[in-house]
Amino acid sequence: MKSSTYWIEKFGMDDHPEGGYFKESYRAGEIIKSGHLPERFKGDRNFSTSIYYMLKEDQYSKLHRIKSDEMWHFYDGSGLDIYEIDGEGILTVHKLGLDLEEGQTPQVLIKAGNWFGARVNKPDSFCLAGCTVSPGFDFEDFQLGSRDELIKQFPDHKKIIEQLT
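Those letters in the sequence shown? Residues 16 to 180, by the numbering used here.
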């Protein structure tokens, strides 16, 4: 296993607004015109996009949501716990990784519009993952969660909201 510093330098990763590091690795050259997308999208979108995403043990992905489905892929390091809260307020903890006996899976799908955040599930480690979004990601579709608003909307999940905002 390589170190987190190795991957950050190798891919030229930058700080991500939600926490951690990222580097876009793919943006489809073809475009879906806005008239062919659901109304929640304001403008054209690439067919799909993909990034490398890194979290270290002292970081977390802040609760946020986007307007597209997002598929997470595990690449290196330890597993990642991804917390997803759907529109009904149901919290699901997905375990991204390769330890199938511990309930991990190498891919996790987060549905469009659901709130989600993540953190590394092993001390002194990191997780290198990939995130593929379709229709393609645009920062116009990205919303960071407000702690107070999320607690008001999902009071049963106050503890995890406080940890990931």
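Here a beta-carbon is modelled for each residue, glycine too, at the ideal position from N, C-alpha and C.
What you are looking at is a predicted structure, and each value in this text was computed from that prediction instead of being measured.
Inset, instruction - Whole angstroms is fine: what's the gap from T180's alpha carbon to E24's? - result: Translated into positions along the sequence shown, residue 180 becomes position 165. Translated into positions along the sequence shown, residue 24 becomes position 9. Each residue's alpha carbon lies about 27 angstroms from the other.
Legend entry - Boundaries (first-last residue) of the beta strand (DSSP E) holding T20: Against the sequence shown, residue 20 aligns to sequence position 5. Taken as a continuous stretch (DSSP letters only), T20 belongs to no beta strand (DSSP E), being part of the alpha helix (DSSP H) at S19 to F26.
Legend entry - Start and end residues, alpha helix (DSSP H) containing E177: Locating residue 177 in the sequence shown gives position 162, counting from the first residue. Unbroken alpha helix (DSSP H) run through E177: K173 to Q178.
Legend entry - Close Cβ partners of K38 (< 8 angstroms) along its chain, the five nearest in sequence each way excluded: Translated into the one-based positions of the sequence shown, residue 38 becomes position 23. F26, G27, M28, D29, I66 and Y67, listed in sequence order.
Inset, instruction - Give a yes or no on whether the C-beta atoms belonging to I175 and I166 are separated by under 8 angstroms. - result: Within the sequence shown, residue 175 is the residue found at index 160, counting from 1. Within the sequence shown, residue 166 is the residue found at index 151, counting from 1. For I175 and I166, no; Cβs fall outside 8 angstroms.
Legend entry - L113 in three-state terms, based on DSSP: Along the sequence shown, read from residue 1 onward, the residue named residue 113 stands at position 98. If DSSP states are grouped into helix, strand and coil, L113 belongs with coil.
Inset, instruction - List the residues that DSSP assigns as beta-bridge partners of E155. - result: Here residue 155 is taken as the residue at index 140 of the sequence shown, counted from 1. DSSP, once it has assigned bridges, lists no residue as partnering E155.
Legend entry - Rounded C-alpha distance that separates S18 from G92: As a working mapping, residue 18 is identified with position 3 in the sequence shown. As a working mapping, residue 92 is identified with position 77 in the sequence shown. Whole-angstrom Cα-Cα distance: 8 angstroms.
Inset, instruction - Look at H31 and L159 and say whether their C-beta atoms are less than 8 angstroms apart. - result: By one-based count along the sequence shown, residue 31 stands at place 16. By one-based count along the sequence shown, residue 159 stands at place 144. No. Outside cutoff.
Legend entry - Among D171, Y21, S63 and E33, the one whose alpha carbon lies nearest that of E103: The residue you call residue 103 lines up with position 88 of the sequence shown. Checking every option, the nearest Cα to that of E103 belongs to D171.
Inset, instruction - Starting from the C-beta of G34, find all residues in its chain whose C-beta is less than 6 angstroms away, skip the five residues before and the five after it, and write them out in chain order. - result: Position 19 of the sequence shown, counting from 1, holds the residue named residue 34. Correct list, in chain order: Q74, Y75, S76 and K77.
Legend entry - Buried versus exposed call for D139 [16 or more other C-beta atoms within 10 Å across all chains shown]: The residue given as residue 139 occupies position 124 in the sequence shown. By the neighbour-count rule (16 or more Cβ atoms within 10 Å), D139 is not buried but exposed.
Legend entry - Other residues of its chain near E45: CB distance less than 6 angstroms, five sequence neighbours each side excluded: Counting from 1 along the sequence shown, the entry for residue 45 is found at position 30. Excluding residues within five positions, the ones whose Cβ falls inside 6 angstroms are F62.
Inset, instruction - Within the same chain, show all residues whose beta-carbon is closer than 7 angstroms to that of E72, passing over the 5 residues directly before and after it, in chain order. - result: Against the sequence shown, residue 72 aligns to sequence position 57. So the qualifying residues of the chain are V135, P138, D139, S140 and F141.
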